[in-house]
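2 protein chains.
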Amino acid sequence: MANEAQSYFIEAVLERLDARAVITDDREIEPWISDWRGRVHGQTRAIIAPSSTDEVADVVRLANQHRVPLVPQGGNTGMAAGATPPADGSAVLLSLRRMNRIRSVNAQSRLAVAEAGVVLETLHGAANEVGMRFPLTLGARGSCTIGGLTSTNAGGTQVLKFGTMRSLVAGVEAILPDGSIHNGLSALKKDNRGYSLDQLLIGAEGTLGIVTAVALRLVPAVAARAVAWAGVETPQQALELLRFLEARTQSIEGFELVPQDSLELVLRHIPSTRGPLSEQHPWHALIEATTSDADHDISGELEHLLGQALEEKIIADATLAANEAQAEAFWKLRDSISEAERAEGQTLAHDISVPIADMPNFILAAAAEVERAFPGVIASGFGHLGDGNIHFHVRAASHAAPGWYEEEGAAITHMVDDLVTAAGGSISAEHGIGQLKRDEFARLAPPGRIHALQAIKHALDPLGIMNPGKLVP
Amino acid sequence: MANEAQSYFIEAVLERLDARAVITDDREIEPWISDWRGRVHGQTRAIIAPSSTDEVADVVRLANQHRVPLVPQGGNTGMAAGATPPADGSAVLLSLRRMNRIRSVNAQSRLAVAEAGVVLETLHGAANEVGMRFPLTLGARGSCTIGGLTSTNAGGTQVLKFGTMRSLVAGVEAILPDGSIHNGLSALKKDNRGYSLDQLLIGAEGTLGIVTAVALRLVPAVAARAVAWAGVETPQQALELLRFLEARTQSIEGFELVPQDSLELVLRHIPSTRGPLSEQHPWHALIEATTSDADHDISGELEHLLGQALEEKIIADATLAANEAQAEAFWKLRDSISEAERAEGQTLAHDISVPIADMPNFILAAAAEVERAFPGVIASGFGHLGDGNIHFHVRAASHAAPGWYEEEGAAITHMVDDLVTAAGGSISAEHGIGQLKRDEFARLAPPGRIHALQAIKHALDPLGIMNPGKLVP
């Protein structure tokens, strides 16, 4: 039955769209049916790749008619398998890759309109060409797309100053599940005509419609940056340092917490790395300050403020990167933590948030509790302290068996998620729910919230054709 | 029937809440059943005024049980009669006024948690006491409440820099229509656990639940401000001036457009007013720059920038307020426009937005078109040019009959709303839909949007007990 409906659907799509829009060759499909980390494997008979908003609307209308579920996909770089089709082949992949035009970039109005399939790095380049900047960035910038970033409300390393996608999206164009076009691209700064469909679509992981284009806010290009590394005694001191800096300047754009243990792993496993400070410290902060004003002495300002923080004994030591190469080297220490952990052994990652003020205590208390309950493991938190969002990683004991990740790992994740929930936090700060976190979400969310999400999903997508099996428990 | 259900409901509420929570005296009810502008008159048998979140949850559960619709109300200062009960007495007023605690104000985390009934001015004071500021403000600040501001996504005069409530709300606590409590007060900066109920409740005008408390972002207190008045030839030049300033400073916080015609009305009707500039100009800009840094010479900076703008012929003339009294006098000119118009005769107000870059042309073209179609009327736009949001006012011809507002007025509003919609704009930039704009919203919104709003409303409030007859067509 499903197969028959799919055949009619694909035939109908081919009648309306040109042949390039329908991919049925298994070798071309294969790279797109497993998630980025290679954990979840799906099946699909075809990839539909429309090249315009109207074509996406056509495809959605046909999917309605033939009751064929669609799994929207951008760069397939998600961390929760939200763009991976079901294993039973019941859905068809809808790739937005061919919708890759930047419709406009306007330095005056500080807005760009990019189609869903535009790669983040391409948008960075286009903004840069007009002296502006799209400030959100993350590791997958060379592959991830604007549609996926919007549908997962992506974050990254510059959230501290500019927020997640939710803050940067000025308007959304999307095909709603009934095939109608929602056009929010006027990017009105003020508009109070009822519920914000834009906001509902941001972070909906394609379960309420297909994002086809997005209006995005731009900020002035960076004229200069200063990067520093500071040693502190505790995560609390790191947060104090951030508060100290933020009270004195608006230039702080990145602030990452790094435990000594993580730094040691990086120095051990990653070639050509060295610690920035001469002495050891239990915790470290990587600080980036930027300015769009060429006359602003950002290095001098950051150096002065760190000197003050040293005098006030908020930090134990600090050093400013002397040049861009050193700045990159500092960032490499932070960005290599996951790679160094993998080189060391099995590691379990949790992408969590709690209220920012509670994070320093949470990191210490949760790590102690996990290490007590699971002897031999090493737990630690690193990352976006200023956003209340850290990567809480748990490394297997050195004697752990190869199956540790699947066996003890599940129990550890339960414990971490319980601790996060008890602290009023989120078990998914950045990565979304997708397939991988749906069970934990269902286990821990208040019933009223689950019910509300199910009601909204069913109301807007009564046939269940929009990314079934994702996000909503 | 309705009466009987209401009796049982009120009885049940009295069993759970103390007597002060139920008001049935007509004299006490009377001030709250007409809208702020006195245009819409409703009826209700009782006002229920719970004093805690749990009590609101109880009331909503009982309303479910007895199928009694609730109309939530804060300061009753709305502009679209969204808090006015239906005229047939079928609903009960739910006043949040007794929920007026400020639960926390934290300068370190830059967050305050205020209950729905807290008056805006009270929150301003509480933030100020800890050296911080809640930056949203508007004329009704002495009466309007945090719950109402959230439920209407209120704007005001500082939106240019800080955005509407949507940008300032860090988390919402609300009672959903089924009586469950949604608690978003952890105010997580990053949280990707599915659809944002916070964002859905902001601007929902109480049709999807009752906002009981809100976590709000604070910013550093203002150390100094500079206020200036500039004369320009066209609205386009005013926008150029704004872009010129924004490219050179981050201090611009207010930027209001004033046509000469409006200024003349103010000088004619409002005592103790005088024009800031010696010569006449077709258009004017009122500019406010602020700084939180006591060492920042904000007056010097604004004076210097306006000097440059004068040299580059963006503006024809400008003057800086010499002191606070003069700054207040400049603002009084802007704030008195509506009052001066009322003194002059009948005026029809439209609260509209279009894309910011299109606003200068829109103002001129729409005014010309309206004046051509309705001979004798005078149309003009003033207000928040930098947000793409102006008050588009149409004054009756001097010979207009007393019924002009209701008769020709409706046709004029149709025309303005058509022009706004054709320009991709919003027929309600600030004030919401409520009762007053529901017909126009229904007439002009795309059917897909109306359908989506109806589906969401019905899904979350299947019994229709949340502010029936408001917002959703």
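So the protein sequences, as listed, match chains A and B.
The numbering of the first sequence is my numbering, which starts it at 1 and goes up by one.
The numbering of the second sequence is my numbering, which starts it at 474 and goes up by one.
Just so you know, even glycine gets a beta-carbon here, dropped at the ideal spot from N, CA and C.
Just so it is clear, the structure is predicted and the values come from calculations on it, not from any experiment.
May I have the straight-line CA-CA distance separating residue i from residue j, to the nearest angstrom?
| i | j | result |
| --- | --- | --- |
| Q927 of chain B | V513 of chain B | 24 Å |
| G184 of chain A | S624 of chain B | 21 Å |
| L310 of chain A | A285 of chain A | 13 Å |
| V731 of chain B | G849 of chain B | 21 Å |
| D58 of chain A | W229 of chain A | 53 Å |
| G937 of chain B | G907 of chain B | 15 Å |
| P935 of chain B | S426 of chain A | 29 Å |
| A80 of chain A | R67 of chain A | 25 Å |
| R225 of chain A | W331 of chain A | 13 Å |
| P446 of chain A | E253 of chain A | 34 Å |
| R493 of chain B | R690 of chain B | 33 Å |
| A925 of chain B | V394 of chain A | 43 Å |
| Q6 of chain A | D18 of chain A | 18 Å |
| V172 of chain A | R583 of chain B | 30 Å |
| N3 of chain A | Q65 of chain A | 15 Å |
| P477 of chain A | E233 of chain A | Nothing about residue 477 of chain A can be read from this structure; chain A reaches only from 1 to 473. |
| I675 of chain B | Q581 of chain B | 25 Å |
| G859 of chain B | Q709 of chain B | 11 Å |
| H931 of chain B | I506 of chain B | 26 Å |
Could you name the residues of the same chain whose beta carbon sits closer than 6 Å to that of residue i, not counting the 5 residues immediately before and after it, in chain order?
| i | result |
| --- | --- |
| A429 of chain A | D351, I352, S353, N389 |
| G381 of chain A | I363, I390, F392 |
| H344 of chain A | Rather than His, the amino acid found at residue 344 of chain A in this sequence is Glu. Counting only Cβ-Cβ distances below 6 Å, and skipping sequence neighbours, we find L265. |
| L611 of chain B | G629 |
| A321 of chain A | V227, A327, F330 |
| G469 of chain A | P86 |
| T421 of chain A | L444 |
Which residues in the same chain as residue i place their Cβ atom closer than 7 Å to its Cβ, once the five residues preceding and following it in sequence are excluded?
| i | result |
| --- | --- |
| V105 of chain A | A112, A126, A127, V130 |
| T319 of chain A | A228, W229, P276, L277 |
| N100 of chain A | E115, G117, V118 |
| R334 of chain A | E256, V258, L286 |
| K437 of chain A | A80, I427, S428 |
| T84 of chain A | I33, S34, D35, V40, G42, Q435 |
Look up residue i in the DSSP assignment and say whether it is helix, strand or coil.
| i | result |
| --- | --- |
| W505 of chain B | helix |
| M79 of chain A | coil |
| V370 of chain A | helix |
| R97 of chain A | coil |
| V529 of chain B | helix |
| E719 of chain B | helix |
| F134 of chain A | coil |
| H887 of chain B | helix |
| V118 of chain A | coil |
| S811 of chain B | helix |
| L821 of chain B | strand |
| H281 of chain A | coil |
| M1 of chain A | Only weak support is given to the placement of M1 of chain A: the predicted model assigns it a pLDDT of 48, under 50, and the value that follows is read from those uncertain coordinates. Here M1 of chain A sits in coil by DSSP. |
| T421 of chain A | helix |
So, for residue i: in the same chain, excluding its five sequence neighbours on each side, which residues have a beta-carbon less than 8 Å away from its beta-carbon?
| i | result |
| --- | --- |
| E844 of chain B | V850, I851, A852 |
| P693 of chain B | G604, M605, R606, S765 |
| T886 of chain B | L821, H823, E913 |
| A154 of chain A | L136, L138, C144, G148, T164, M165, E430 |
| I102 of chain A | A112, V113, A114, E115, V118, T122, L123, A126 |
Does any residue of chain E have a CB that is nearer than 8 Å to the CB of residue i?
| i | result |
| --- | --- |
| Q781 of chain B | The chain inventory of the structure shown lacks chain E, comprising the protein chains A and B. |
The stretch 654-671 of chain B contacting the stretch 628-637 of chain B, beta-carbon criterion three pairs below 8 Å | Contact fails: fewer than three Cβ-Cβ distances are below 8 Å.
Counting Cβ pairs closer than 8 Å, one from the stretch 137-150 of chain A and one from the stretch 59-76 of chain A, do we hit at least three?
-> yes
Scan the stretch 664-693 of chain B for residues whose Cβ lies nearer than 7 Å to a Cβ of chain A and list them as they occur along the chain.
-> D664, N665, R666, G667, Y668, S669, L670, Q672, L673, G676, A677
Would you list, in chain order, the members of the stretch 343-357 of chain A that have their beta-carbon closer than 9 Å to a beta-carbon of chain B?
-> Look at the stretch 343-357 of chain A: the residues with a C-beta under 9 Å from a C-beta of chain B are D351, S353, V354, P355, I356, A357.
Identify each residue in the stretch 709-720 of chain B for which the Cβ-Cβ distance to at least one residue of chain A is less than 8 Å, and report them in chain order.
-> R716, A720
Is the stretch 210-220 of chain A close to the stretch 867-886 of chain B, with three or more CB pairs under 8 Å?
-> No contact exists between the stretch 210-220 of chain A and the stretch 867-886 of chain B.
Contact residues within the stretch 150-169 of chain A, judged by C-beta distance below 7 Å to chain B = T152, N153, G155, V159, T164
Between the stretch 310-338 of chain A and chain B, which residues of the former have CB atoms less than 8 Å from a CB of the latter, in chain order?
-> none
Report yes or no: do the stretch 82-100 of chain A and the stretch 44-53 of chain A share at least 3 C-beta pairs separated by less than 8 Å?
-> yes
Mind listing which residues of the stretch 423-434 of chain A have their C-beta closer than 9 Å to chain B's C-betas, in chain order?
-> A423, G424, G425, S426, I427, S428, A429, E430, H431, G432, I433
Near-chain A residues of the stretch 529-551 of chain B (beta-carbon distance less than 7 Å), N- to C-terminal order = Result list empty, no residue passes.
Identify each residue in the stretch 858-888 of chain B for which the Cβ-Cβ distance to at least one residue of chain A is less than 9 Å, and report them in chain order.
-> G859, D860, G861, N862
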